[in-house]
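A short write-up of the structure that comes next.
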Amino acid sequence: MIKIKIFFFYLSIIVASLLVILYVLVNIFAGAGRKIDQPIKHGNVEVPVERTFSFHNNSDLKQKILDGWTSKTPQDWKLDEKVNLKNSRIVISCLLEGKRVEEMNRYLMNQKAVGHPGSPWLLYPLGDYDFTAMAFTALLYLFGESPDLLFPKTRDHLLDNILTIEGSEFRRNVGYMFLEDSENHILMTEGSRFLKNQWLKDHGNTDPKYDNNTNGVAQKLKLFLEEIITYGFYEFNSAPYLGYTYCALLNLYEFASGDIRYLSGKLLDRLNWQYSMSSYKFKHFPPNRRRFGKNFKTNIDSDYHTVMLKVWASLYDDSLSIDMSRGEHHALWATFSSYKPADKVIEWILNKPKPYFIKMGHGYNSCPEIISGHKDYLLSAGGANQGKRSLIVAKPIMLFLNDSASEMRETFHMFGPGDNFVEWNNTGVYKDFACTKGKVNIPKGKQAIISSANWQIYSITEYIFLVTYSRKELGLMAIVHSNSAKNILEKIIENNSDERQLNYRFHHPNGNTIEYDLESPKDQWVITRVNNNSMDRNFSKWPFFESSSF
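To convert, note that position 318 of the sequence shown is 348 in our numbering; the numbers rise steadily by one, no gaps.
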């Protein structure tokens, strides 16, 4: 009897411990998988698809990326090295350039899979192998029918011992868990599965487990891509995961066919149209989902949207002076993919054809992107966190100018209250106007051409000025088109003489009266009324694209 009691005592401790572990894991992973609420409406701005522009086969930037990889030496894989980012890029680049071919084949023959697909965790420590499989899947399709580059024996070794994700076991969950895995992992894992199956079937393997049309893989992958089209990218603007999503989609566009290729291209088109609206001369600093931490990277010209578009832009216009400070491991895909952005995407990235104001929704438990753009500047809203499990990283409100800024500190920007982005609601952007509950940060070296009390006016370009108003808990930025800074200041002060009203109302020299609530809940747009017209502030219901400018 005593032994039975002792057994149940220890059993209860083990069960309680497992429940605690499970609770911790749920809290860690709960925000990473897709949350489905209501479909996001498309809105009144169409995603462009027309392609008439021609692209060069090479550019200085493309060659620099390839030369950077071909100059490196790959290392043998280790059990704890599940993400072979550098090694796979070196091999792909060398074969693209026809360099060190025998060396690369010998290298591959000595490697074998060292992990499992999907997110790693305590009971699934060897996850993350899908990063490697996704890259070497591209290698298979690029060179699998070029025996002078990828030797037949090496190709067979690649299929048998490196590309281990295959068959009909399509899955969306984290290994050994009931929680859905993150978007990039599903796309990399199941894209690699689909493409290996397709390769084997197309090259004579009749085993039913490799027939995507009968084993369920094509149907399930199509459903997942359609979900992203319907509900948006869950890991929107994600740093760093969007880069892996990009590469997985480019693999599917490049090497799949039918519905899978079409849906992948549709998603790439939407991604790139969003980028064209929210960037300015390759400066881009939007709110994002994942990674969630205390801080965020402050470079504004090299996120994983940007590196892709830099390559494509360089291939469109090889006279452009474009450099890249990071992200070459993703940009490599843009160097070899046949996918190219639509004409209007290239046009709006390189030259904003007209002034515009656009709101881009990202759905439930998220935050939007809000942009006021012009050929000489761009105001970008910073978003708002929706709680820790939302994984939303709010950013400052940014003003991008036609300059060489590459870091946040080199821009006019503002955020608040405080320095913790979890507390911010930085959605306070309207046409040529921005507000937040914090001061305006002025980049070093910028001097106002005229000022009065808390008002300062800076020159942007001829006949375009920036007006700032800055106190500890109130920051305003307004873009004004005029031939006189003095006249602007006089008009600003005259129309906003009661500075107490600036806490909730601003009379813009362009004629708009903009009202705002700096204490807005973090699921509401800070802008409340414009010219006495109430705004739709529930941005969780906003469509993908909404604008009166197109």
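A virtual CB, placed ideally from N, CA and C, is assigned to each residue, including glycine. Predicted model only: the values in this text are computed from it and were never measured.
Legend entry - HIS359, DSSP secondary structure in three states: Three-state result, HIS359: helix.
Inset, instruction - Report all residues from its chain with a CB closer than 6 Å to the CB of ILE388; omit the five preceding and five following residues, and keep chain order. - result: MET307, ILE401, SER577
Legend entry - Beta-carbon gap between LYS425 and GLY412 smaller than 9 Å: yes
Legend entry - When LEU96, LYS108, GLY468 are compared against LEU156, the one with the closest alpha-carbon: LYS108
Legend entry - Cβ neighbours of SER550 in the same chain (closer than 6 Å, five flanking residues each side left out): ASN455, VAL556
Legend entry - Beta-carbon contacts of ARG535 that lie in its chain and below 6 Å, excluding the five residues immediately before and after: So the qualifying residues of the chain are GLU545.
Inset, instruction - Would you kindly check if the distance between the Cβ of ASP241 and the Cβ of LYS226 is under 9 Å? - result: no
Inset, instruction - Decide if GLN304 is buried, meaning its Cβ has at least 16 other Cβ atoms within 10 Å, or exposed. - result: buried
Legend entry - Exposure label - GLU358; buried when at least 16 CB within 10 Å: Taking every protein chain shown into account, the CB of GLU358 has 16 or more other CB atoms within 10 angstroms, so this residue is buried.
Legend entry - Nearest residue (CA-CA) to PRO383, options SER396, SER367, PRO398, GLY403: Checking every option, the nearest Cα to that of PRO383 belongs to GLY403.
Inset, instruction - Identify every residue that forms a DSSP beta bridge with GLU503. - result: DSSP lists no beta-bridge partner residue for GLU503.
Legend entry - Exposure of THR162, with buried meaning 16 or more beta-carbon neighbours within 10 Å: Burial check for THR162: the Cβ neighbour count within 10 Å reaches 16 or more, so the residue is buried.
Inset, instruction - Give me the Cα-Cα distance between PRO371 and CYS277, rounded to the nearest whole angstrom. - result: 15 Å
Legend entry - GLU127 versus ASP97 - alpha carbon distance: 9 Å
Inset, instruction - Give a yes or no on whether the C-beta atoms belonging to PHE266 and ARG223 are separated by under 9 Å. - result: Cβ distance not < 9 Å, so PHE266 and ARG223 don't count as in contact.
Legend entry - Close-in-space but distant-in-sequence residues of the same chain around PRO238 (CB under 7 Å, 5 per side omitted): The answer, listed in chain order, is THR244, ASN245.
Legend entry - DSSP state of ASN117 mapped onto helix, strand, coil: helix
Legend entry - Range covered by the alpha helix (DSSP H) that runs through ALA278: 271-285
Legend entry - The alpha helix (DSSP H) enclosing HIS404, as first and last residue numbers: Segment 399-404 is the beta strand (DSSP E) holding HIS404; no alpha helix (DSSP H) there.
Inset, instruction - Assess, as a yes-or-no matter, whether the region 197-209 is touched by the region 136-152 under the definition of 3 or more beta carbon pairs within less than 8 Å. - result: yes
Legend entry - Buried or exposed by the 16-neighbour rule on C-beta atoms within 10 Å, applied to ARG136: By the neighbour-count rule (16 or more Cβ atoms within 10 Å), ARG136 is not buried but exposed.
Legend entry - Nearest-angstrom beta carbon gap, PRO317 and ASN422 [assumed within contact, 8 Å]: Looking at the sequence shown, residue 422 is not Asn but Ile. Indeed they touch by this definition, with Cβ atoms about 6 Å apart.
Inset, instruction - Excluding the 5 residues preceding and the 5 following ASP160 in the sequence, name in chain order all residues of the same chain whose CB lies nearer than 8 Å to its CB. - result: So the qualifying residues of the chain are PRO147, GLY148, ILE195, HIS215, MET218, THR219, SER222.
Legend entry - Whole-angstrom distance between SER579 and ASN562, CA atom to CA atom: 20 Å
Inset, instruction - Would you check if the region 426-440 and the region 472-481 touch, i.e. whether three or more CB-CB distances between them fall below 8 Å? - result: yes
Legend entry - Buried versus exposed call for ARG119 [16 or more other C-beta atoms within 10 Å across all chains shown]: buried
Legend entry - Supposed close pair VAL77, ARG300 - CB separation, criterion 8 Å: 5 Å
Inset, instruction - In angstroms with no decimal places, state the Cα-to-Cα distance between ASN381 and PHE575. - result: Looking at the two C-alpha atoms, the distance is approximately 20 Å.
Inset, instruction - Can you say whether GLY417 is buried or exposed, counting buried as having 16 or more other CB atoms within 10 angstroms of its CB? - result: exposed
Legend entry - Limits of the beta strand (DSSP E) - the one that THR543 falls within: 543-546
Inset, instruction - With a 10 Å radius around its C-beta and 16 neighbouring C-beta atoms as the bar for buried, classify ASP186 as buried or exposed. - result: exposed
Legend entry - Whole-Å CB distance - PHE366 paired with LEU172, under 8 Å assumed: 7 Å
Legend entry - Validate contact between the region 343-362 and the region 81-93 using beta carbons, cut 8 Å, 3 pairs: yes
Inset, instruction - Would you mind sorting GLY323 into buried or exposed? The rule is 16 or more other CB atoms within 10 Å of its CB. - result: Classified as exposed, GLY323 has fewer than 16 neighbouring CB atoms from the shown chains inside 10 Å of its CB.
Inset, instruction - Quick one: give me the first and last residue of the beta strand (DSSP E) that GLN93 is part of. - result: Premise fails: GLN93 lies in the alpha helix (DSSP H), 90-100, not in any beta strand (DSSP E).
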